[in-house]
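A short worksheet on the structure shown next.
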Amino acid sequence: MASITLQQIVKHYGDQPVLHGIDLAIRDGEFVALVGPSGCGKSTLLRAIAGLEPISGGEIRLGTRVLNDVAPRERNLAMVFQNYALYPHMTVAQNLGFSLKLQGVDKAQIARRVQEVAQVLGLAPLLGRHPRQLSGGQRQRVAMGRAIVRRPEAFLFDEPLSNLDAKLRVQMRTEIKALHQRLGTTTVYVTHDQVEAMTMADRIVVLKDGRVEQIGAPLELYDRPRNAFVAGFIGSPAMNFLAGRLALDGPPRVRTDDGLSLPLAGIPTAPGAVHGQRVLYGTRPEHWRIDGTQGSLPAEVIVVEPTGAETQVALRVGGQDVLAAFRERVGLASGDRLGLWPDAAQAHLFDAASGARLN
Ligand SMILES: Nc1ncnc2c1ncn2[C@@H]1O[C@H](COP(=O)(O)OP(=O)(O)OP(=O)(O)O)[C@@H](O)[C@H]1O
Ligand SMILES: [Mg+2]
1 MASITLQQIV KHYGDQPVLH GIDLAIRDGE FVALVGPSGC GKSTLLRAIA GLEPISGGEI
61 RLGTRVLNDV APRERNLAMV FQNYALYPHM TVAQNLGFSL KLQGVDKAQI ARRVQEVAQV
121 LGLAPLLGRH PRQLSGGQRQ RVAMGRAIVR RPEAFLFDEP LSNLDAKLRV QMRTEIKALH
181 QRLGTTTVYV THDQVEAMTM ADRIVVLKDG RVEQIGAPLE LYDRPRNAFV AGFIGSPAMN
241 FLAGRLALDG PPRVRTDDGL SLPLAGIPTA PGAVHGQRVL YGTRPEHWRI DGTQGSLPAE
301 VIVVEPTGAE TQVALRVGGQ DVLAAFRERV GLASGDRLGL WPDAAQAHLF DAASGARLN
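Per my numbering, numbering of the sequence shown is gapless, rising by one per residue and ending at 359.
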């Protein structure tokens, strides 16, 4: 096991820059998720750590060892890809033991380690089968087993669950997390699924266009996103953004162009926050309540979507769209009109131009 330190990692493909100087210190035993939209550089960064992609600048360290000039197979890292090609002509046991065989580990020891990993992953009854005789989830477990059996210093996962159906994905993510808690091996996990990142990781790195937008614990990112991009990316259903101007001539609030007044719990703390500035008022769907009292915001129901655990309601508030989520059962239907009020203490305020957080 070891820490992974990235310092000013730069990557160009030809003259196209893809990573712009990534700094990241992953602690020994930590589970870090890299998330971001398609093309932001997640796989490139992971492949750079693995040594599969040469970097254009910066330094990668595993513990104190500089990896820049170390060949991939000597880095002692195990990578699991989305398309984990198992060897079709080999049994599960042979698939699991193959890398050890290549290393020249003796037969008895291979058998012992394969048994051990099969126990951990619940593959023991399947050791004699071939990959074609396995379900998708079982194949995925074999792919992980091949990584675990090597006892690497760190695991690198690139969207390992995206080929599985939704239910199996949820089950496997719990398994991977439990496995991490048990083995305590440093893990870097790439996903574009922010729910996966939120539920599995100790810390999340949000990337956009080859730059780090924010690094933090899942709830830190959820509760205090640094900018509108992170606010919109983390959380499902996504945060609502209402456009308006900051009003500081009285109790602090945001005034929308159609004259609605949105409450703020205090004066925005950012030095740049000034009266009249164009801002985005961010609220999570669960931070709205139905409120018929005078002064509440007039809203019209567009669509009602019950999920069972909660009811999501798409509304029009003034000229803007809001998605609200209610835990309690609400007897609402399309076309209904009601009063709505956001929780001021949970409101996020961003500069409309830069997206930077203001409160
Ligand atoms: N071999 C390559 N040659 C040129 N450009 C590449 C190469 N590989 C990736 N890129 C570009 O680098 C950028 C980052 O790609 P990368 O695969 O790291 O994205 P990603 O975040 O993993 O996206 P996804 O979620 O779609 O897998 C993209 O713009 C991509 O087109
Ligand atoms: Mg990728």
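Yeah, the Cβ is synthetic: ideal placement off N, Cα and C, and Gly gets one too.
Put simply, of 173, 210, 198 and 241 the residue whose alpha carbon is nearest the alpha carbon of residue 220 is 198. Neighbourhood of ligand 2, defined by CB distance below 7 Å to any of its heavy atoms: 42, 43, 158, 159 and 190, in chain order. The beta carbon of residue 286 sits closer than 7 Å to those of 325, all from its chain and outside the five residues before and after it, given in chain order. A contact between stretches requires three or more CB pairs, one per stretch, nearer than 8 Å, and the region 113-129 meets this requirement with the region 83-101. Between ligand 1 and the CB of residue 10, the shortest heavy atom gap is not smaller than 7 Å. For the set 192, 164, 259 and 313, the Cα lying nearest the Cα of residue 288 is the one of 313. Contact annotation: residue 293 and residue 355 have beta-carbon atoms that are not nearer than 8 Å. In its chain, beyond the 5 residues on either side, 301 and 304 have a beta carbon closer than 8 Å to the beta carbon of residue 333. For residue 315, the enclosing beta strand (DSSP E) begins and ends at 311-317.
DSSP places residue 287 in the helix class (H, G or I) of the three-state scheme. Assignment of residue 98 by DSSP, reduced to helix, strand and coil, places it in the helix class.
The Cβ atoms of residue 80 and residue 154 lie no closer than 8 Å to each other.
Apart from the 5 residues on each side of it in sequence, residue 202 sits with its Cβ closer than 6 Å to the Cβ of 30 and 31 in its chain, given in chain order. With fewer than 16 neighbouring CB atoms inside 10 Å of its own CB, residue 249 falls in the exposed class. DSSP places residue 189 within a strand segment (E or B) once states are collapsed to three. Here residue 10 is near residue 57, since their CB atoms are less than 8 Å apart. Residue 166 sits in a helix when the DSSP states are folded into three classes.
Between the alpha carbons of residue 35 and residue 204 lies a gap of roughly 7 Å. Taking a cut-off of 8 Å for Cβ pairs, the region 68-83 and the region 122-137 do not touch, as fewer than three such pairs fall below it. For residue 261, the three-state secondary structure derived from DSSP is strand. According to the DSSP assignment, residue 223 belongs to the alpha helix (DSSP H) that extends over 218-223. Residue 194: member of the alpha helix (DSSP H) spanning 194-200, first to last residue. A direct Cα-to-Cα measurement between residue 279 and residue 97 gives close to 57 Å.
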